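For reference, the structure discussed in these notes is given below.
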Ligand SMILES: Nc1ncnc2c1ncn2[C@@H]1O[C@H](COP(=O)(O)OP(=O)(O)OP(=O)(O)O)[C@@H](O)[C@H]1O
Ligand SMILES: [Mg+2]
């Protein structure tokens, strides 16, 4: 192989997926890597969900099928909240191009539901908002590798396993569900105020391809967006000043 071949920039091989915010795409050398999973983390109200709205809106306008998985049962509220910041998802839902799925955390079948929907739905973009409560549902060990609760295991009254190793396996399993071919995903994670971690579970940041950190400086009344990590992408680490308006996230 010629040296020239080896030196070809990786970006020439990686297809990019637009985030829906042109300035963010520029900062990401064209967008998110196709098939990547990006963790959008931040404190409450930092704009994580709105960033996901931009991402799905962009996909819808490109004719892509999109899925929004939420553990918040007030799906209609999310749709209303989106409309407030300029994204009217209703026509897309009616057309069948966008699906909202409520993950009922009291049901032991949520993983199966997610897996089946993702496998059969032919989605190009998936949002899981948020990973935190899903990753905190108790998991049971069944056999050697199966750690996700199934009806059988629950009926047999096995005890939940609570260890870092199990949590890691569980989160890895959830994240790998989103890593379907031709599909690009965003996953949100809540960080408690004042925490220095990149996610609440402190594990998912190592398993994803990218991390976008949404930050609020309440004393200065300012918001920042930081690209903390993006595999195969040259990007700045500099915090970017942003605002949230009735049109969503705007870079200053
Ligand atoms: N029309 C608007 N104009 C200005 N700011 C707005 C507007 N709508 C929402 N916001 C701001 O956006 C925030 C909500 O953003 P978003 O729901 O994306 O946050 P989040 O990080 O997902 O929060 P949570 O952790 O609670 O899910 C509000 O707290 C508010 O500060
Ligand atoms: Mg949110």
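Numbering (the numbering used here), first residue to last: 66 to 317.
In this text, a Cβ means the ideal position worked out from N, Cα and C, and glycines have one as well.
Computed from a predicted model, the values in this text were never measured in an experiment.
Legend entry - CA-to-CA distance, residue 119 to residue 310, given in whole angstroms: Mapped onto the chain shown, residue 310 falls at position 245. Mapped onto the chain shown, residue 119 falls at position 54. Distance between the alpha carbons of residue 310 and residue 119 is about 13 Å.
Inset, instruction - Give me every residue whose Cβ sits closer than 7 Å to any heavy atom of ligand 2, in chain order. - result: 113, 114, 194, 195, 253
Inset, instruction - Out of 292, 151, 197, 195, point me to the one whose CA is closest to residue 274's CA. - result: Looking up residue 274 in the chain shown gives position 209. Here the closest residue by C-alpha is 292.
Inset, instruction - Kindly indicate the opening and closing residues of the beta strand (DSSP E) around residue 131. - result: Taking the first residue of the chain shown as position 1, residue 131 is located at position 66. Unbroken beta strand (DSSP E) run through residue 131: 131-135.
Inset, instruction - Alpha carbon to alpha carbon, how far is residue 86 from residue 125? Give it in angstroms, no decimals. - result: For the purposes of this step, residue 125 is taken as residue 60 along the chain shown, with counting starting at 1. For the purposes of this step, residue 86 is taken as residue 21 along the chain shown, with counting starting at 1. In a straight line, the C-alpha of residue 125 is about 14 Å away from that of residue 86.
Legend entry - Exposed unless 16 or more other CB atoms sit within 10 angstroms - verdict on residue 222: The sequence position of residue 222 within the chain shown is 157, counting from 1. With a pLDDT of 45 at residue 222, under the threshold of 50, the modelled position of this residue cannot be trusted; read the value that follows with caution. So residue 222 counts as exposed.
Legend entry - Status (buried if at least 16 other CB within 10 Å, exposed otherwise) for residue 133: Stepping through the chain shown from its first residue, residue 133 is reached at position 68. Residue 133 should be labelled buried.
Inset, instruction - Report yes if the C-beta distance between residue 165 and residue 158 is below 8 Å; otherwise report no. - result: Start at 1 with the first residue of the chain shown, and residue 165 comes out as number 100. Start at 1 with the first residue of the chain shown, and residue 158 comes out as number 93. It is a contact, given that the beta carbons lie within the stated cut-off.
Legend entry - Span separating the alpha-carbon of residue 144 from that of residue 177: Against the chain shown, residue 144 aligns to sequence position 79. Against the chain shown, residue 177 aligns to sequence position 112. If you take the alpha carbons of residue 144 and residue 177, they lie about 25 Å apart.
Inset, instruction - Quick one: residues in its chain with C-beta nearer than 8 Å to the C-beta of residue 183, no 5 flanking neighbours on either side, listed in chain order? - result: Residue 183 sits at position 118 when you count from the first residue of the chain shown. Only 132, 191, 242, 243, 245, 248 meet the Cβ criterion.
Inset, instruction - Sort out for me which residues DSSP pairs residue 252 with in a bridge. - result: The sequence position of residue 252 within the chain shown is 187, counting from 1. The partner list for residue 252 (beta bridge, DSSP) reads 104, 193.
Inset, instruction - Report all residues from its chain with a CB closer than 7 Å to the CB of residue 317; omit the five preceding and five following residues, and keep chain order. - result: Position 252 of the chain shown, counted from the first residue, corresponds to residue 317. Here the set comprises 306, 307, 308.
Inset, instruction - Mind checking which residues open and close the alpha helix (DSSP H) that includes residue 162? - result: In the chain shown, the residue the question calls residue 162 occupies position 97. Residue 162 -> no alpha helix (DSSP H), and no H or E assigned at all.
Inset, instruction - Can you give me the start and stop residues for the beta strand (DSSP E) that residue 314 sits inside? - result: Indexing the chain shown from 1 puts residue 314 at position 249. Per DSSP, residue 314 belongs to the beta strand (DSSP E) from 313-316.
Inset, instruction - Leaving out five residues on either side along the sequence, give the residues of the same chain with a beta carbon under 6 Å from the beta carbon of residue 315. - result: Here residue 315 corresponds to residue number 250 of the chain shown, with the count starting at 1. So the qualifying residues of the chain are 308.
Legend entry - With 16 other Cβ atoms within 10 Å as the buried cut-off, status of residue 68: The residue given as residue 68 occupies position 3 in the chain shown. The predicted model places residue 68 with a pLDDT of 49, which falls under 50 and marks its position as unreliable, so this point remains unresolved.
Inset, instruction - Answer with buried or exposed for residue 302, where buried requires no fewer than 16 other C-beta atoms within 10 angstroms of its C-beta. - result: Walking along the chain shown from the start, residue 302 turns up at place 237. Exposed, because fewer than 16 other Cβ atoms sit within 10 Å of the Cβ of residue 302.
Legend entry - Between the CA atoms of residue 271 and residue 229 - distance to the nearest angstrom: Mapped onto the chain shown, residue 229 falls at position 164. Mapped onto the chain shown, residue 271 falls at position 206. The alpha-carbon atoms of residue 229 and residue 271 are separated by roughly 14 Å.
Legend entry - Touching by the beta-carbon criterion (3+ pairs, under 8 Å), the segment 100-116 and the segment 274-286: yes
Inset, instruction - Measure the alpha-carbon distance for residue 298 versus residue 239 and round it to whole angstroms. - result: Counting from 1 along the chain shown, the entry for residue 298 is found at position 233. Counting from 1 along the chain shown, the entry for residue 239 is found at position 174. For residue 298 and residue 239, the distance between alpha carbons rounds to 24 Å.
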